[in-house]
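Right, one structure below, let's go through it.
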DNA sequence: TTGCGATGTATCGCGCCGATACATCGCTGC
DNA sequence: GCAGCGATGTATCGGCGCGATACATCGCAA
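Protein chains in written order, with the numbering used here: chain P, 17 to 221; chain U, 17 to 221.
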């Protein structure tokens, strides 16, 4: 899953680890906490040895040869390879059941701008189905659990049920929009949100 | 974290693994998916060798000695020990920072009926603080990210921000109730939810 | 000049997950 | 009468991801 996110980010521009983590935190802030280094660096290694990313020597060597003696060992910038782009596309296309849990869905959604409309629709509907199942199961618990559960547990279920219902409604909206070919409407999110046009689909480097 | 949940459940009555999983799914349905057996059984083992739980031979031996030859190896029922209850109380009292993330908070909340009021308040406030921080960080992203992020990512942030704001309001309500000494008000959750009175605090076996 | 916070790379132990295997029990259908 | 199927039930394995920790450099403020 993190593999997917990293490939997605490097798809936009080369980056080093620290930067990657910050961008990820910004892009996925609503889904998950910042990625741990204990995950990030091993994953980068794995991606590199799989050939999906390579080290890009940072400084364009023309500027100056000044700092030769300090061995530096500074930041390591990675960039995505052709195989990496292919892999990313595969991961989008496959979209198994793990794509519909909280984390998986969020990450896939965050890269919808690089996902074709049919797949977007498929993922949104899969997610909706999953959240609906969750909702039904919680309704059941709330219905037959008058005695069995204490007041706090019930309150927790109620709050969770509410969140599920909200998410389903949100997904419905997105699905309707998607079917009609529009990108998510800009809506009020500040004052002058720029015209982020659909701009879907930009494969090929 | 799962250690805490298992101890909490066994605190109520002895159970075998499968049952434990189902009860957990019902009690924590709003928080997390059902616990995996790959977690459950090793955890039970760990708890047992730490002395927090023991095997309880299921059948009261008086009923019948009929099935002797079939070696059976059927369900293994566990029950909590005195050390286990102590451990559970410790885990409630400590309530470190991991108590405030999504999973940790949910699990602790689910056992609020066994938690004293002061600790309940402390946990609710810690959680609120954490969600508020998350909310602020997402507001920042939304404010300065007109250009940097695409429409889908923005939509994701908006949905996440909304969820944060709701949770903060929910927590505020709970905190007010808690301060005034009331349990969460029954509210509309069916037709005749029975009088689940506060009934907080039942230590001592 | 000392010290601190941001930037930056890296490892280690371990909790937890999903897949998988396997065995028993009771039901329904042929 | 027995075949198959879904529920109940215990268990292991590989691997992802986390939190803690270590360490090194840079710029700035006290």
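In this text, a Cβ means the ideal position worked out from N, Cα and C, and glycines have one as well.
On the three-state DSSP scale, how would you describe residue i?
i: residue 68(P); result: coil
i: residue 192(U); result: helix
i: residue 154(P); result: helix
i: residue 108(U); result: helix
i: residue 92(U); result: coil
i: residue 164(U); result: coil
i: residue 147(P); result: helix
CA-CA distance, residue i and residue j?
i: residue 52(U); j: residue 193(U); result: 35 Å
i: residue 37(U); j: residue 25(U); result: 10 Å
i: residue 107(U); j: residue 97(U); result: 15 Å
i: residue 47(U); j: residue 114(U); result: 15 Å
i: residue 17(U); j: residue 23(U); result: 10 Å
i: residue 234(P); j: residue 28(U); result: Past the boundaries of the shown model lies residue 234(P); chain P is included only from 17 to 221, so the question cannot be answered.
i: residue 116(U); j: residue 139(U); result: 7 Å
i: residue 179(P); j: residue 19(U); result: 27 Å
i: residue 92(U); j: residue 111(P); result: 38 Å
i: residue 135(P); j: residue 168(U); result: 14 Å
i: residue 69(P); j: residue 164(U); result: 23 Å
i: residue 190(P); j: residue 174(U); result: 13 Å
i: residue 58(U); j: residue 72(P); result: 43 Å
i: residue 195(U); j: residue 186(U); result: 14 Å
i: residue 56(P); j: residue 62(P); result: 10 Å
i: residue 31(U); j: residue 64(U); result: 14 Å
i: residue 171(P); j: residue 105(P); result: 42 Å
i: residue 150(U); j: residue 151(P); result: 25 Å
i: residue 54(U); j: residue 54(P); result: 22 Å
i: residue 118(P); j: residue 109(P); result: 19 Å
Using the beta-carbon of each residue, which ones in chain P are nearer than 7 Å to residue i?
i: residue 171(U); result: 200
i: residue 125(U); result: 168, 172
Give a yes or no on whether the C-beta atoms belonging to residue i and residue j are separated by under 9 Å.
i: residue 67(P); j: residue 100(P); result: yes
i: residue 33(P); j: residue 94(P); result: yes
i: residue 50(P); j: residue 60(P); result: no
i: residue 159(U); j: residue 43(U); result: no
i: residue 199(U); j: residue 123(U); result: no
i: residue 144(P); j: residue 188(P); result: yes
i: residue 128(U); j: residue 166(P); result: yes
i: residue 103(P); j: residue 182(U); result: no
i: residue 137(U); j: residue 154(U); result: no
i: residue 11(P); j: residue 184(P); result: Outside the displayed span of chain P (17 to 221) sits residue 11(P), for which this structure offers no information.
i: residue 90(P); j: residue 133(P); result: no
List the residues of chain U that residue i touches, going by C-beta distances under 7 Å, in chain order.
i: residue 228(P); result: In this structure chain P extends from 17 to 221, so residue 228(P) is not present and cannot be described.
i: residue 179(P); result: 179
Name the chain P residues whose beta carbon is nearer than 8 Å to that of residue i?
i: residue 43(U); result: 165, 169
By the criterion of Cβ-Cβ separation under 9 Å, what are the contact partners of residue i in chain P?
i: residue 154(U); result: 45, 46
Under 8 Å between beta-carbons, which chain U residues line up against residue i? List them in chain order, please.
i: residue 157(P); result: 42, 45
i: residue 223(P); result: No information on residue 223(P) is available, as it lies outside the stretch 17 to 221 that chain P covers here.
i: residue 122(P); result: 172
Beta carbon of residue i: closer than 8 Å to some heavy atom of the ligand ZN?
i: residue 124(P); result: Of the ligands one can find in the structure shown there are none, so the ligand ZN has no counterpart to examine.
> Given a limit of 8 Å on CB to CB distance, which residues of the segment 106-120 of chain P reach chain U?
Replying inline: Identification of residues in the segment 106-120 of chain P having a C-beta nearer than 8 Å to some C-beta of chain U yields 117, given in sequence order.
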